[in-house]
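Numbering (this note's numbering), first residue to last: 403 to 503.
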């Protein structure tokens, strides 16, 4: 998984988000419990407008971390997803972001 994460980092530097997403997913196939990689995937997906997939990645990080404040901040990723939502879901996500700072 380390090689895939390194490749994802290179793709990020080259501004090739689709390739970065592919490499991150390959890393997660090898290590599905890697919360930091799920977090990076959530951010890239959200920036690319894949809001539903980003939300799934965020929920996976939350499941793996179990509780807010256990060393993983998801506030920025959740706010990126909230931008793609409206109404009550938007407000819920912003409140959730506060918990995961």
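In this text, a Cβ means the ideal position worked out from N, Cα and C, and glycines have one as well. Note that this is a predicted model, so its numbers are computed, not measured.
| Asked | Found |
| --- | --- |
| For residue 502, the three-state DSSP class (helix, strand or coil) | coil |
| Same chain, Cβ closer than 6 Å to residue 429, neighbours up to 5 away in sequence not counted | 403, 406, 407, 439 |
| Member of 485, 435, 479 whose CA lies at the smallest distance from the CA of residue 501 | 479 |
| Reduced DSSP secondary structure (H/G/I, E/B, other) of residue 435 | coil |
| Close Cβ partners of residue 495 (< 7 Å) along its chain, the five nearest in sequence each way excluded | 480, 483, 484, 487 |
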